[in-house]
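Each remark here refers to the structure printed beneath this line.
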């Protein structure tokens, strides 16, 4: 009998608290922002800009992978390489999305614009794809370095180390692979 009284008291207290909190935004009370005041406005916007680049990179690399799948020349693994680059962009996007959520920020949806590269209809210029891919990869790498410097400036050392250790190494290796791939394609043409 005492357990029933206790549960009824707890339930009544919860309902009273619930009625008071209905007037407030639950997101504010459940997950308060842990960002410093000077970072509150600029930092999430910088991450949003980078995630937009990651999503456009994902779309771009998927398109290139499809184009390399159409090639009649036997270039084993090239389409798979571009598919893995697209997957890396998507994983990085997810990592930044989780970071902002852990800091109490909402992640607003982004519209992805298609790549501004004009793709040839009939002939496939393999070296051109590699040059465009390398420039896209370089843009992503430079933006990651900018984010890392901004994180260090505002004492977000955990994110800065995460970018340096996981993402920058992977992007630098990927950039090296693109240069090697460009050499292979030039030799095969």
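Residue numbers (the working numbering): 5 to 193.
A virtual CB, placed ideally from N, CA and C, is assigned to each residue, including glycine.
These figures come from a predicted structure and were not determined experimentally.
Proximity of residue i and residue j at Cβ, strictly below 8 Å
i	j	result
residue 57	residue 143	yes
residue 66	residue 105	no
residue 49	residue 69	no
residue 175	residue 151	no
residue 135	residue 60	no
Residue nearest to residue i in terms of C-alpha spacing, selected from the options
i	options	result
residue 96	166, 155, 182	166
residue 137	55, 180, 110	180
residue 53	135, 100, 159, 164	100
residue 108	47, 173, 184	47
residue 145	73, 94, 177, 184	177
residue 110	156, 159, 51	51
residue 62	173, 160, 94, 191	94
residue 98	55, 75, 81	55
residue 184	82, 173, 75	82
Nearest-angstrom Cβ-Cβ length linking residue i and residue j, presumed shorter than 8 Å
i	j	result
residue 133	residue 92	Contact flag wrong, Cβ pair sits at about 17 Å.
residue 189	residue 131	6 Å
residue 85	residue 140	Rounded, the Cβ-Cβ distance is 14 Å, inconsistent with contact.
residue 103	residue 163	6 Å
Helix, strand or coil at residue i [DSSP, three-state]
i	result
residue 66	helix
residue 116	coil
residue 75	coil
residue 108	coil
residue 61	helix
residue 100	helix
residue 25	With a pLDDT of 44 at residue 25, under the threshold of 50, the predicted position of this residue should be treated as unreliable, and no value is reported.
Min CB distance residue i to chain D below 8 Å
i	result
residue 153	Note that chain D does not occur in the displayed structure, where there is just one protein chain.
Q: Any chance you could list the alpha helix (DSSP H) runs of at least 4 consecutive residues sitting entirely within the stretch 140-191, in chain order?
A: Assignment of alpha helix (DSSP H) within the stretch 140-191, counting only whole runs of 4 or more residues, yields 161-166 in chain order.
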